[in-house]
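Okay, so here's the structure we're looking at.
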Amino acid sequence: MNDPGTAQAARRTKRTRSDLAVITAWWRGLGDDGFLVLPPPTRSRYTQSDGHEDAAELLAVRGLTGPVSFAYWHWQSHGRAFGRSGALEGELLLHWGGDHAVTAAGLGEGPTGFRVVDGGPKGAFQLDRITGRDDAGLPDPADADGVRQFLAVLDEPLDRTTAPFQYRPLSAAEAAWLHERLRAPFSLSDATRFAVSLERRDELTPDETELLLRAWREEYEGRLAEWPAWKELLHALLRHGDEEAWEIIATLGSRAAEVLLRVPSERGLATARAFALGGDRAAVRPWLALHRSLREPDAIRATAAIAAELEAHDVPESSLRGLHDALTGAVTSDWRRETGEAYRAGRSYAALAAVRFALDERLPRALRALAADAARDRVDLVREEALRPGAAPLAGTDTSEVLADVARYEAARDGLLSGTGPDLTASEGSLGDVWHRYRTLTEADVSWLRGRTAAPETGLQGLGFCLELLLAHGVATASDVDALLPHRLKDLTKKYRTTYTEWRHPLVTLTCLALDLDHPVAGKLVSWWNGARPLWKDELRLLTHLGAPDEAKAAELWDFVTSPVHDVGQLMTWVLVRARLDGEHPLLVADRLLGTPGIREYVLHRVLIAVADPGQPLWHYSVDPRSWSWWQRALEVAEHPGLSAEARSVGLRAARQHSLVRSPDLVSPAPTEAVREAARSWIERHADG
Numbered sequence: 018m019n020d021p022g023t024a025q026a027a028r029r030t031k032r033t034r035s036d037l038a039v040i041t042a043w044w045r046g047l048g049d050d051g052f053l054v055l056p057p058p059t060r061s062r063y064t065q066s067d068g069h070e071d072a073a074e075l076l077a078v079r080g081l082t083g084p085v086s087f088a089y090w091h092w093q094s095h096g097r098a099f100g101r102s103g104a105l106e107g108e109l110l111l112h113w114g115g116d117h118a119v120t121a122a123g124l125g126e127g128p129t130g131f132r133v134v135d136g137g138p139k140g141a142f143q144l145d146r147i148t149g150r151d152d153a154g155l156p157d158p159a160d161a162d163g164v165r166q167f168l169a170v171l172d173e174p175l176d177r178t179t180a181p182f183q184y185r186p187l188s189a190a191e192a193a194w195l196h197e198r199l200r201a202p203f204s205l206s207d208a209t210r211f212a213v214s215l216e217r218r219d220e221l222t223p224d225e226t227e228l229l230l231r232a233w234r235e236e237y238e239g240r241l242a243e244w245p246a247w248k249e250l251l252h253a254l255l256r257h258g259d260e261e262a263w264e265i266i267a268t269l270g271s272r273a274a275e276v277l278l279r280v281p282s283e284r285g286l287a288t289a290r291a292f293a294l295g296g297d298r299a300a301v302r303p304w305l306a307l308h309r310s311l312r313e314p315d316a317i318r319a320t321a322a323i324a325a326e327l328e329a330h331d332v333p334e335s336s337l338r339g340l341h342d343a344l345t346g347a348v349t350s351d352w353r354r355e356t357g358e359a360y361r362a363g364r365s366y367a368a369l370a371a372v373r374f375a376l377d378e379r380l381p382r383a384l385r386a387l388a389a390d391a392a393r394d395r396v397d398l399v400r401e402e403a404l405r406p407g408a409a410p411l412a413g414t415d416t417s418e419v420l421a422d423v424a425r426y427e428a429a430r431d432g433l434l435s436g437t438g439p440d441l442t443a444s445e446g447s448l449g450d451v452w453h454r455y456r457t458l459t460e461a462d463v464s465w466l467r468g469r470t471a472a473p474e475t476g477l478q479g480l481g482f483c484l485e486l487l488l489a490h491g492v493a494t495a496s497d498v499d500a501l502l503p504h505r506l507k508d509l510t511k512k513y514r515t516t517y518t519e520w521r522h523p524l525v526t527l528t529c530l531a532l533d534l535d536h537p538v539a540g541k542l543v544s545w546w547n548g549a550r551p552l553w554k555d556e557l558r559l560l561t562h563l564g565a566p567d568e569a570k571a572a573e574l575w576d577f578v579t580s581p582v583h584d585v586g587q588l589m590t591w592v593l594v595r596a597r598l599d600g601e602h603p604l605l606v607a608d609r610l611l612g613t614p615g616i617r618e619y620v621l622h623r624v625l626i627a628v629a630d631p632g633q634p635l636w637h638y639s640v641d642p643r644s645w646s647w648w649q650r651a652l653e654v655a656e657h658p659g660l661s662a663e664a665r666s667v668g669l670r671a672a673r674q675h676s677l678v679r680s681p682d683l684v685s686p687a688p689t690e691a692v693r694e695a696a697r698s699w700i701e702r703h704a705d706g
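My numbering puts the first residue of the sequence shown at 18, with every later residue one more than the last.
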């Protein structure tokens, strides 16, 4: 083991190499036949998905086909860990793939003066400096790394599944150490971290609060929210009854609403209500919490009252979605608090709550529809839990009542969901989770998608989602082009990164549609794509060749996909273009490419699965192991009788690596045990494939 005393002594000497240089030298010395490390990252490896793509490429380049584990770090982790001089200023997260035990053994203990901490089979490894503590467990105040690590321990919540977070009490020595850091000589930048740790336990004194307030106002005048500890200080001001808290809330606006619910007051309730009625979705949850705390404790009645006010003030739909989420969170938290159940059980209860909200006529229909949508992919989990042998499905519930509620929900579901759709402002991941619902479209789906496409408030993400579905299913029309142009052209020409989604940039899709329809605006759009500015569009231009394809477009795409330039959908575009030109299924086109020189194998494997359903190709830039869409396509490729054995093996390998088989908890929507068992059985039946 590395000796902390030796490490501390070494750090007191002048170092000739930066931490980054030391860590990189150690890193380059790692690896063996069953374990490899990727080179340190550049900006192109920005996420974990990028890291896995780099690993696939490296494995292909080295011709490694057997079981190989790998480790890497990406640019985001690099930026958080290292300062400009290469000094380690925070823990460096080391991500991995393959076998966890092999990776742990391959990484070892870390370079001299540092340690590698194993985050477990579902977490990252953490590399950090070795530091020391005194007999009371306190770091030397002059040891920046020791202080950072000490505060990280203090600021780790007791339970990350309950909000607001609670933190363990401070020992007398810890409290005294923190208060000492706030005394003269005082510096706001130095005091910030200590103030946060104190106020998370309601321990900032009135004098300390006043001192921090004056420094904050002076140093952050006109930009108060840029100070990292503003929420904790505002909490202290409210807790001490300081009138200046309300002046600050007026300055900060609705972003302060979350702090108000932690110090309930009628004034806070009125303030959160005003923010929410002004259209701020984030203020709805504090409003509900304060309303329940001060006026009406019953969650359903409180929610119904707030919903009526939201409707009367004609606030955006997103606010009602926020109210639904707040209601679900509130009743689930209540249930967990009353029963002592853990987070996992709380997820099951939230699913049951959604089923019951959809049936509760005390709630307005719009909220019931949102609940019906939330329950759609989880009702089978509720039924399975209710039928599980043994105890009652969930504490405080009755099996027969749960099953009756499920039956009533399924009878009412289609009526509640008709003409509705997902929240287009949600995260890309959330929208990707429902993509599998749209492999076929009902008339109501088409109507909703077309309405959202035409709606002026729909952003680029929503336009990409809706327009892609309309075009892929062959139901997009000239009216969809006319609804967007020319009044949305300024928005449509903005940068929107789409390589993490199943849909393309909406202007790519719109251009393809206009070209297919020979719409009068097609020439103008093509001219824009061919222009010199903006530069961001250059990597996407060739994706528009799927519209009205011809041999010249196919040839230009082929030149690109056989070059070393990073692929963001060009190979899949070529496969779909070739399939349209030749009148055959794109799977057959992709199959014939296997083994073609100049075609990167890992990209082609992704494309092979992505085009399994030409009516809804998957544009994500790598196989998403937590996605239902990719699981479905992987099985279809593996079982396709018209494909080569090599092509079918690509689908089989993707299925074996899918989270549904390896880590079902990562799949969203969550699978039932019956679905998990079916997946395991499928893998076993194809064990010899």
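We put the beta carbon where it would ideally sit given N, CA and C, even for glycine.
Delimiting residues of the beta strand (DSSP E) encompassing residue i
i, result
"residue 182", "Here residue 182 belongs to no beta strand (DSSP E), and DSSP marks it neither H nor E."
"residue 89", "86-89"
Residue span of the alpha helix (DSSP H) that contains residue i, given as start and end
i, result
"residue 360", "360-376"
"residue 211", "205-216"
"residue 426", "416-434"
"residue 473", "Per DSSP, residue 473 belongs to no alpha helix (DSSP H) and is neither H nor E."
"residue 619", "618-627"
"residue 198", "189-198"
"residue 532", "523-534"
"residue 541", "539-547"
"residue 235", "223-236"
"residue 578", "568-578"
"residue 605", "603-610"
"residue 694", "690-702"
"residue 687", "Per DSSP, residue 687 belongs to no alpha helix (DSSP H) and is neither H nor E."
"residue 384", "382-393"
"residue 303", "301-311"
For residue i, the residue or residues it bridges with in DSSP
i, result
"residue 49", "52"
"residue 79", "In DSSP, residue 79 forms no bridge with anything."
"residue 143", "110, 134"
"residue 99", "105"
Sub-8 Å separation of residue i and residue j beta-carbons
i, j, result
"residue 436", "residue 417", "no"
"residue 497", "residue 487", "yes"
"residue 195", "residue 211", "yes"
"residue 571", "residue 533", "no"
"residue 615", "residue 579", "yes"
"residue 36", "residue 84", "no"
"residue 369", "residue 411", "yes"
"residue 57", "residue 44", "yes"
"residue 592", "residue 640", "no"
"residue 495", "residue 536", "yes"
"residue 527", "residue 510", "no"
"residue 709", "residue 490", "Coverage of the chain is limited to positions 18 through 706, which leaves residue 709 absent and any answer about it impossible."
Identity of the residue in the options nearest residue i by Cα
i, options, result
"residue 679", "665, 667, 666, 694", "694"
"residue 50", "566, 248, 64, 82", "82"
"residue 189", "106, 155, 208", "155"
"residue 707", "643, 607, 627, 531", "As displayed, the chain neither begins before 18 nor continues past 706, which places residue 707 out of reach and without an answer."
"residue 617", "399, 45, 70, 604", "70"
"residue 110", "141, 123, 101", "141"
"residue 650", "688, 604, 683, 615", "604"
"residue 442", "138, 339, 219", "339"
"residue 178", "354, 381, 609", "354"
"residue 459", "103, 222, 77, 434", "434"
"residue 107", "162, 484, 121, 114", "162"
"residue 690", "396, 549, 495, 567", "396"
"residue 191", "180, 206, 172, 176", "172"
"residue 645", "414, 291, 686", "686"
"residue 324", "296, 643, 683", "296"
"residue 704", "676, 672, 214", "672"
"residue 363", "345, 375, 379, 376", "345"
"residue 438", "450, 61, 637", "450"
"residue 330", "513, 622, 291", "291"
For the stretch 452-471 against the stretch 530-542, are there 3 or more C-beta pairs whose distance is under 8 Å?
Judged by Cβ distances under 8 Å, the stretch 452-471 makes no contact with the stretch 530-542, as fewer than three pairs qualify.
Using a Cβ distance threshold of 8 Å, determine whether the stretch 297-304 contacts the stretch 273-282, with at least three qualifying pairs required.
The stretch 297-304, when compared against the stretch 273-282, does touch it at the 8 Å Cβ threshold.
Check whether the stretch 304-315 and the stretch 330-338 are in contact - that is, three or more C-beta pairs closer than 8 Å.
Not touching, per the Cβ criterion.
Is the stretch 93-111 in contact with the stretch 666-679, if contact means three or more CB pairs nearer than 8 Å?
With a cut-off of 8 Å on Cβ pairs, the stretch 93-111 is not in contact with the stretch 666-679, counting fewer than three such pairs.
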